[in-house]
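J.: Sequential numbering from 1422 applies to the sequence shown in the working numbering.
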Amino acid sequence: MVGTARVRDDARPVMTTAQRRIYEKTGNPPQTNALDDIDDPFAVPTLSMVTPKKPAKYRNTKCEHNGIKFDSQRERSHWFHLIQQQAAGLISDLRLQVSFVLTERKQRDDGTWERASKYVADFTYMRDGKLVVEDVKSEATRKNRAYIQKRKQMLDKHGITVKEIK
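1. Which residues in the same chain have their Cβ closer than 7 Å to the Cβ of A1537, if we skip the five residues on either side of it in sequence?
2. Excluding the five sequence neighbours on either side, which residues of its own chain have a C-beta within less than 6 Å of the C-beta of R1495, listed in chain order?
3. Given a cut-off of 7 Å, decide if V1541 and Q1518 are closer than it, judged by their beta-carbon atoms.
4. Would you check if the distance between the CB atom of Y1546 and the CB atom of L1511 is smaller than 7 Å?
5. Going by beta carbon distance, what residues of the same chain come within less than 8 Å of Q1528, once the five residues before and after it are set aside?
6. To the nearest angstrom, how far is it from the Cα of D1457 to the Cα of Y1444?
7. Output the distance between the C-alpha atoms of K1578 and I1586, rounded to the nearest integer angstrom.
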């Protein structure tokens, strides 16, 4: 004690409750000064340095089931529905993420190449001897100009109407 002030011997500053809880969970000590580890390229970023993850454009939640990755939970639940239909014998040859070429790769007059344009369908299957192409779409993605253009090209080039699942 010096006068009425209490002097601590610790060289290490005291952690706040939040810092202590983070330390207990992760085992990483809190950064005491923002300028301490600035030159260290191997420094682990603290929570204040990590930027929060940006949400998906259409607010979908990517998910996985048995190693199969789906762009949304609605797409995954429709996959389960189609598997049940295939097991019941209503559909056959069920496939995921099938790619259709809409325009071929072509060379321009100046010698550079123009990329091929493709449409990737969520699901394809055979029903009554006919190929069915399905795509799970929300209201917002159904109005996407690029999707609409590719849907029209599928009808024009392949004669296939894309069935939209809401």
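We treat Cβ as the ideally placed atom computed from N, Cα and C, and that holds for glycine.
T.: Inspection of the coordinates gives the following:
1. Contacts found: V1522, T1524, E1525 and R1526.
2. These residues qualify, in order along the chain: V1557.
3. Yes, the Cβ-Cβ distance between Q1518 and V1541 is below 7 Å.
4. No, they are not a contact pair.
5. Counting only Cβ-Cβ distances below 8 Å, and skipping sequence neighbours, we find W1534 and E1535.
6. Any answer about D1457 is weak, because its pLDDT of 49 lies below 50 and its placement is not dependable; what the coordinates show is given next. Cα to Cα, D1457 sits roughly 18 Å from Y1444.
7. Straight-line Cα distance between these residues: approximately 22 Å.
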